[in-house]
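Here the sequence shown is numbered in the UniProt record's numbering, starting from 1 and rising by one per residue. Below is one structure, written out as structure tokens; comments come after it.
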Amino acid sequence: MSRFHLHIAVDDLERNIAFYSAVFGTEPTVKHDDYAKWQLDDPRINFAISSRGAKPGVDHVGLQSESEEELAAIRQRLEAAGIDGTAQENATCCYARSDKYWVQDPQGIPWETFHTLGAIPLFSEALGQETAEGACCPPPSTASSESCCG
């Protein structure tokens with residue numbers, strides 16, 4: 001079963017960690033100097049925030065799959081509906097390595113479908129730890145340069 005994903009760009013990470021920890025009743029499951037994530041079962045959501053230089057607000061939304069097969073099924077469903085996207089294999093972003101499939105909704109909001117393969121020690125191997133451009137690492141042909149990841 002997939003998990004809903006929401007990533008918000010924030011201007012003050014610690015203040016937002018305190019706020020969302022109160023909302024969810026728990027501390028983040030992943031926390032770094034520029035990123036925090038709550039992987040919750042109730043509600044079933046992967047909720048992430050980061051302070052990587054993007055404009056504050058909703059960065060992107062998505063679905064986190066529990067397997068490669070589930071990710072492939074989501075992609076097939078989108079393609080069958082005529083929704084074109086961009087695949088990323090072994091992408092490194094948000095302290096994780098993932099296979100992804102990006103699309104945009106009719107409003108232009110990036111949607112990330114992904115299956116996490118494991119954790120990495122950097123926000124992104126492609127960007128390096130010090131990059132302050134855009135929150136994350138979507139493929140440029142599908143999502144804006146200010147979009148992030150799961």
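Even for Gly, the Cβ is constructed at its ideal location relative to N, Cα and C.
- Query: I think L63 touches F24, with their Cβ atoms under 8 Å apart; what is that distance to the nearest whole Å?
  - Reply: By 1-based counting over the sequence shown, the position of residue 63 is 63. By 1-based counting over the sequence shown, the position of residue 24 is 24. Contact doesn't hold; Cβ gap of about 19 Å is too wide.
- Query: Looking only at C-alpha atoms, which of V61, P56, A22 and E66 sits nearest to D99?
  - Reply: Position 99 of the sequence shown, counted from the start, is the residue given in the question as residue 99. D99 has its Cα closest to that of E66, out of V61, P56, A22 and E66.
- Task: Mind reading off the beta-carbon distance from A9 to G57? Whole number of angstroms is fine, and I expect it under 8 Å.
- Result: What you label residue 9 is simply residue 9 of the sequence shown in a count that begins at 1. What you label residue 57 is simply residue 57 of the sequence shown in a count that begins at 1. Between G57 and A9 the Cβ distance is about 6 Å, and since that is below 8 Å, they are a contact.
- Looking at C-alpha atoms only, which residue of Y95, I74, T29 and E69 is the closest neighbour of W111? Taking the sequence shown and counting its residues from 1, the one referred to as residue 111 is at position 111. Answer by Cα proximity: I74.
- Compare the C-alpha of G108 against each of A96, I83, R44 and C94 and name the closest. Position 108 of the sequence shown, counted from the first residue, corresponds to residue 108. Among A96, I83, R44 and C94, the Cα nearest to that of G108 belongs to I83.
- Query: Three-state secondary structure (DSSP) at T73?
  - Reply: Counting from 1 along the sequence shown, the entry for residue 73 is found at position 73. Note on residue identity: the sequence assigns Ala, not Thr, to residue 73. In the structure shown, A73 sits in a helix (DSSP, three-state: H, G or I).
- Item | Separation of R44 from R52, as counted between CA atoms | Along the sequence shown, one-based indexing puts residue 52 at 52. Along the sequence shown, one-based indexing puts residue 44 at 44. Approximately 25 Å between the Cα atoms of the pair.
- Message: Whole angstroms are fine: how far does the CA of N46 sit from the CA of L6?
- Response: Numbered from its first residue, the sequence shown carries residue 6 at position 6. Numbered from its first residue, the sequence shown carries residue 46 at position 46. If you take the alpha carbons of L6 and N46, they lie about 6 Å apart.
- DSSP on Q129, reduced to helix/strand/coil? In the sequence shown, counting from the first residue as 1, residue 129 sits at position 129. At Q129, the pLDDT of 38 sits below 50, so the modelled position is not reliable and the matter cannot be decided from this model.
- Following the continuous beta strand (DSSP E) through V58, name the residue where it begins and the one where it ends. Translated into the one-based positions of the sequence shown, residue 58 becomes position 58. That run of the beta strand (DSSP E) goes G57 to Q64.
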